[in-house]
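Engineer: Have a look at this one before I ask anything.
Residue numbers (our numbering): 1 to 429.
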């Protein structure tokens, strides 16, 4: 447990929509802030209420919207955000935070903070999603161009993605106007110019010049409490097959890995992550298939992690000193696969090539060439010496100190919106 902070006791609110990849980093940071003696509120979906309260944190339920009650049509994303701001603002007024921290895809807490005159921090729980012109657009998973033809092609692609950003900025400005807030000039106006935290490994970031309001902290790692998992017995290297909880519905990677490694001189632990097994899985004599396992427990015992490339799984594996084989399913996973490959700590295998044979050959390469495990262990050593949760908490305390004693000028409170959808609906906010 960290030493209590010497900073004055603060009230800090954090917000995230409820997908695990965005909520878990928020909870890692909230746990650190609570351990320092601060009062911490987490505003997210109700599914995480037991975990939040078990950490000694204050839970605030985030509304979840999908359908307009008058038209029966799906709400536009920023209309859902507007409703969420007006419905949630009283929770923040009552808690009276000194600082608000918002997940990058969760605009509601940041807009509430601005309406209440409270300093706001943005948390990006993965690699930075904005590419510089010399890079390929985020989520393509492609390396930077090295020829004039390649540079010309990607410059054209950047113009298309930039047009999408500008459209989003216009819609965001309109939302701000409706909420009584001034225009937010500049690119990516949803990012806090006070402080934006990029909670990833610097070894996964591409070289760039960072503005002084963006800080790469290292990953923020948290997982729900779970029972200990027994790994297969033996002395052979342990390979963990850790599929996505939301992608790869056919379990292509899991099936290919379990089959391809069944007769290899390795131990294999595969997890379904509580998803129904859609087709029979081959489980070798040195293999075990479980419904769920604690990555925090199992990864430090493993040499290799095979995954689809969710950021949380990737950074947990690298922080545990595991070489990583990424079989990406879509955009952000393709980007993470590229970053793992460029870091020297693993390999990537396109989904279309994810056969039993190709996964077997990739695992052999990771085990036969010591550079991959060596690099992964270098990254793990960096993580141990530079804990991301501590760095992020330090920076948030600095923001609070800069604004201590300032007079706040909140906008008038607004009427809450009517509930418009069941709680299983997605939240855009």
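Note that CB positions come from ideal geometry on N, CA and C, so glycine has one too.
Sort out for me which residues DSSP pairs residue 271 with in a bridge.
Structural biologist: According to DSSP, which records beta bridges pairwise, residue 271 is partnered with 290.
Engineer: CA-CA distance, residue 34 and residue 347?
Structural biologist: Rounded to the nearest angstrom, the two C-alpha atoms are 37 angstroms apart.
Engineer: Rounded to whole angstroms, what's the CA-CA distance from residue 215 to residue 196? Just pull it up for me.
Structural biologist: Taking the straight line joining both Cα atoms gives about 6 angstroms.
Engineer: Whole angstroms is fine: what's the gap from residue 24's alpha carbon to residue 313's?
Structural biologist: Their Cα atoms are separated by approximately 11 angstroms.
Engineer: Taking all protein chains shown into account, decide if residue 167 is buried (16 or more other Cβ within 10 angstroms of its Cβ) or exposed.
Structural biologist: Classification for residue 167: exposed.
Engineer: So what does DSSP say about residue 342, is it helix, strand or coil?
Structural biologist: Helix, per DSSP.
Engineer: Between residue 180 and residue 170, what straight-line distance do the alpha-carbon atoms span, to the nearest angstrom?
Structural biologist: Going by the C-alpha atoms only, they are around 16 angstroms apart.
Engineer: Under the three-state reduction of DSSP, which class applies to residue 142: helix, strand or coil?
Structural biologist: Three-state DSSP puts residue 142 in coil, outside helix and strand.
Engineer: Within the continuous beta strand (DSSP E) that includes residue 124, where are the two ends?
Structural biologist: Residues 120-124.
Engineer: Return helix, strand or coil for residue 43, following the three-state DSSP convention.
Structural biologist: Three-state result, residue 43: strand.
Engineer: Can you round the beta-carbon distance between residue 362 and residue 325 to whole angstroms, since I take them to be within the 8 angstroms contact cut?
Structural biologist: Their Cβ separation, rounded to whole angstroms, is 5 angstroms, which keeps residue 362 and residue 325 in contact under 8 angstroms.
Engineer: For the alpha helix (DSSP H) that residue 161 lies in, which residues bound it at each end?
Structural biologist: First-last of the alpha helix (DSSP H) with residue 161: 148-178.
Engineer: How many angstroms separate the CA atom of residue 370 from the CA atom of residue 238?
Structural biologist: Rounded to the nearest angstrom, the two C-alpha atoms are 15 angstroms apart.
Engineer: Rounded to a whole number of angstroms, what is the C-alpha to C-alpha distance between residue 409 and residue 93?
Structural biologist: Cα-Cα distance, rounded: 13 angstroms.
Engineer: Are the beta-carbon atoms belonging to residue 65 and residue 57 less than 8 angstroms from one another?
Structural biologist: No, the pair does not count as a contact, with Cβ atoms beyond the cut-off.
Engineer: Just tell me which of 321, 199, 20 and 262 has its CA closest to the CA of residue 378.
Structural biologist: With distances taken between Cα atoms, residue 378 lies closest to 321.
Engineer: Would the beta-carbon of residue 240 fall within 8 angstroms of that of residue 258?
Structural biologist: No, the Cβ-Cβ distance between residue 240 and residue 258 is not below 8 angstroms.
Engineer: Look at residue 270 and residue 289 and say whether their C-beta atoms are less than 8 angstroms apart.
Structural biologist: Taking 8 angstroms as the Cβ cut-off, residue 270 and residue 289 qualify as a contacting pair.
Engineer: Does the Cβ-Cβ distance between residue 55 and residue 119 come in under 8 angstroms?
Structural biologist: Not closer than 8 angstroms, so no.
Engineer: Between the alpha carbons of residue 245 and residue 275, how many angstroms are there, rounded?
Structural biologist: Those two C-alpha atoms are separated by around 8 angstroms.
Engineer: Can you check DSSP and say which residues form a bridge with residue 14?
Structural biologist: Paired residue(s): 42 and 101.
Engineer: Contact defined as beta carbons within less than 8 angstroms: I believe residue 439 pairs with residue 175. What is the distance between those atoms, to the nearest angstrom?
Structural biologist: The question about residue 439 has no answer, for the chain in this structure spans 1 to 429.
Engineer: For residue 307, report the span of its beta strand (DSSP E) as first-last.
Structural biologist: Note, residue 307: beta strand (DSSP E), 304-307.
Engineer: Looking at C-alpha atoms only, which residue of 400, 305, 212 and 260 is the closest neighbour of residue 354?
Structural biologist: Among 400, 305, 212 and 260, the Cα nearest to that of residue 354 is on 260.
Engineer: Report all residues from its chain with a CB closer than 6 angstroms to the CB of residue 359; omit the five preceding and five following residues, and keep chain order.
Structural biologist: Here the set comprises 256, 257 and 260.
Engineer: Look up residue 196 in the DSSP assignment and say whether it is helix, strand or coil.
Structural biologist: Three-state result, residue 196: strand.
Engineer: For a test of the three-state rule: what should DSSP assign to residue 348, helix, strand or coil?
Structural biologist: Strand.
Engineer: Considering only residues of the same chain and omitting the five flanking positions on each side of residue 85, which have a CB-CB separation below 7 angstroms?
Structural biologist: 108, 111, 112 and 179.
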